Amino acid sequence: MELQAVYIQFLALFIFAVGIAVVLTRRNVFFVLMGVELALNAVNLSLIGFSKTLPAAMSITGQVVPLFTIAVAAAEACVGFAILILIYTNQESVDVDNYSNMKG
Amino acid sequence: MLPMIYFVLLGLIAAGSAVCVFLSKNPLYGALSLVVTMVSLAGIYGLLASPFVGVVQVMVYAGAIMMLLTFVIMILNAARDVVTPRFDRVSIFVLPAILVLAGLLAFVLISTPLQFHAEAVRGSVALTSATLFDMSKEGPGYFILFEAIGLLLLSAMATAVLLAKKRLGTPERETVSKEVH
Chain Z
0 MELQAVYIQF LALFIFAVGI AVVLTRRNVF FVLMGVELAL NAVNLSLIGF
50 SKTLPAAMSI TGQVVPLFTI AVAAAEACVG FAILILIYTN QESVDVDNYS
100 NMKG
Chain S
0 MLPMIYFVLL GLIAAGSAVC VFLSKNPLYG ALSLVVTMVS LAGIYGLLAS
50 PFVGVVQVMV YAGAIMMLLT FVIMILNAAR DVVTPRFDRV SIFVLPAILV
100 LAGLLAFVLI STPLQFHAEA VRGSVALTSA TLFDMSKEGP GYFILFEAIG
150 LLLLSAMATA VLLAKKRLGT PERETVSKEV H
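Chains Z and S, in that order, are what the protein sequence lines are. Its first residue numbered 0, the first sequence is counted upward by one per residue in numbering that gives the first Met the number 0. Its first residue numbered 0, the second sequence is counted upward by one per residue in numbering that gives the first Met the number 0.
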């Protein structure tokens with residue numbers, strides 16, 4: 000039983016679904032951010048898996064694009080956690096349902 | 000045969016710790032499960048012959064981003080929060096929607112013919128960096144994107160510093176200026 004390209008896509012799909020589920024159902028704001036990271040990881044895995052189904056010159060593109068995705072995810076995490084620190088010092092709560100008012 | 004065994008092992012670890020993120024109550028345990036997911040995904044990248052992305056995954060994701068996450072959890076002392084429930088009642092309606100979405104995507108994946116291409120290149124460090132910094136006129140031009148990412152990271156860092164400061168525009172202490180005079 001050899002490793003097939005579609006297995007990698009199924010693993011990526013599972014991790015993506017779990018990440019989206021974490022984002023949408025959890026109430027702790029840290030888990031919401033972790034779910035975003037999980038979904039981004041799944042997309043990277045999917046890109047790498049699809050890049051291996053392409054011939055030589057095109058397959059390198061699919062291995063360069065995830066580097067940019069990772070860098071954008073780093074920037075997103077940086078700003079996201081700064082906003083989180085700001086909200087937490089104002090609200091003293093990690094429940095996302097308490098963040099419903101945007102009054103400064 | 001051997002790649003399949005490695006893939007099953009790493010995939011089970013990745014999927015299982017992703018489920019642990021979904022189910023864990025303490026944010027620190029969730030963060031550690033996320034680190035396990037990312038490290039095993041890096042192993043899968045190595046298995047798929049793109050070791051450079053795997054190394055970057057370990058360095059940036061499992062190293063930098065998760066360090067930032069655990070640091071924020073610890074500095075806010077948010078792990079002691081026991082009031083917030085894990086799920087609320089809306090979750091019951093969200094989960095079937097996600098399942099339907101995943102089922103649709105799985106159906107599309109099954110009906111798509113996907114094969115590993117025999118000529119797919121190994122994304123080694125030398126080849127990936129040569130492609131990334133190919134500055135010739137006929138090249139793909141990724142180095143411009145690379146510069147843009149550098150600017151993005153710089154602006155994100157400046158934004159984070161400005162946001163996380165207690166008060167913006169805090170005046171300098173007067174005693175300092177008095178000592179100067």
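All C-beta atoms, glycine included, are put in the ideal place defined by N, C-alpha and C. Bear in mind that the values here come from a model prediction, so they are computed numbers and not experimental data.
### Query
In chain order, what residues of the same chain lie with their CB nearer than 8 Å to the CB of V71 of chain Z, ignoring the 5 residues before and after it?
none
### 8 Å Cβ cutoff met for F29 of chain Z and G29 of chain S
yes
### Task
Return the residue from the list S:I64, S:S23, S:L9, S:V59 that minimises the CA-CA distance to T36 of chain S.
S:L9
### Task
Return helix, strand or coil for D87 of chain S, following the three-state DSSP convention.
coil
### Message
I want to see whether chain Z comes within less than 8 Å of P26 of chain S, judged by CB atoms only; does it?
### Response
yes
#### Entry: Within chain S, the residues that V71 of chain Z reaches when beta carbons sit closer than 8 Å
I148, L151
### Message
Under 8 Å, CB to CB, which of the residues in the segment 79 to 101 of chain S have a partner in chain Z?
### Response
D80, V82, T83, P84, R85, F86, D87, V89, S90, V93, L94, I97, L98, L100, A101
### Query
Since L104 of chain S contacts L12 of chain Z with CB under 8 Å, what's their CB separation in whole angstroms?
5 Å
### Task
Can you say whether P26 of chain S is buried or exposed, counting buried as having 16 or more other CB atoms within 10 angstroms of its CB?
buried
### Query
Does the segment 53 to 60 of chain Z come within contact of the segment 118 to 135 of chain S, defined as at least 3 CB pairs closer than 8 Å?
yes
### Query
Taking only beta-carbon atoms, is V42 of chain Z less than 8 Å away from chain S?
no
### Message
Along the segment 2 to 24 of chain S, where does the CB come closer than 7 Å to a CB of chain Z? Name the residues.
### Response
P2, M3, F6, G10, A13, A14, A17, V18, V20, F21
### Query
Going along chain C in order, which residues have a C-beta closer than 7 Å to the C-beta of Y6 of chain Z?
The structure shown contains no chain C; its protein chains are Z and S.
### Task
Check the DSSP bridge columns for D94 of chain Z and list the partner residues they point to.
Z:N27
### Query
If we call anything under 8 Å between Cβ atoms a contact, is L108 of chain S one with Q8 of chain Z?
yes
### Task
Inspect the beta-carbon positions of L144 of chain S and L44 of chain Z and report whether they are closer than 8 Å.
no
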